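K.L.:
So that you can map any letter, position 72 of the sequence shown is 72 in full-length UniProt numbering, and since no number is skipped, the others follow by simple counting.
Below is one structure. I have some questions about it.
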Amino acid sequence: MAKRAGAELFVSRLSNYITTQRLENLFAPFGVIQQARLVVDPRTKKPKGFGFVRFQSESDAQKAMKALDGRIVDGRLIFVEVAETTRPGEDQS
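Rendered as structure tokens:
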């Protein structure tokens with residue numbers, strides 16, 4: 001997977017009890033959010049502890065990453081980094 005600067009962030013080590021709304025509220029002070037989503041376990045429907053936040057602006061995403069990476073949220077130390085993306089036709093192996 002190619003890592004490139006972008007407006008989508010990968011957020012890990014989130015509480016298993018976090019909601020999409022809480023995730024969005026956490027990142028909202030840094031700019032306009034296009035989408036916030038949590039990855040959930042298909043069987044239990046509970047969050048797996050990581051998710052993605054897509055900002056309208058790459059600079060807003062950078063501000064959020066700098067401010068929130070390594071912060072404690074809901075008793076958990078979270079990590080925020082630029083999401084890895086693949087380009088159409090790129091080998092994913």
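Idealized CB from N, CA, C, for every residue including glycine.
This one's a predicted model, so the numbers in the text were calculated from it and none came from an experiment.
#1: May I have the straight-line CA-CA distance separating residue 64 from residue 46, to the nearest angstrom?
#2: Curious, which full-length alpha helix (DSSP H) runs of at least 4 residues does the UniProt domain "RRM" (7-85) contain?
#3: Can you give me the Cβ contacts of residue 68 inside the same chain, cut-off strictly under 6 Å, excluding the 5 residues immediately before and after it?
#4: Determine, using beta carbons only, whether residue 32 and residue 56 come nearer to each other than 8 Å.
P.N.:
If we stick to the structure as given:
#1: Spanning the two alpha carbons is a distance of roughly 25 Å.
#2: The alpha helix (DSSP H) runs lying completely inside the UniProt domain "RRM" (7-85) and spanning 4 residues or more are 20-27, 58-68, given in chain order.
#3: Residues of the same chain with a CB within less than 6 Å of the CB of residue 68, apart from the 5 flanking positions on each side, are 80 in chain order.
#4: Closer than 8 Å, so yes.
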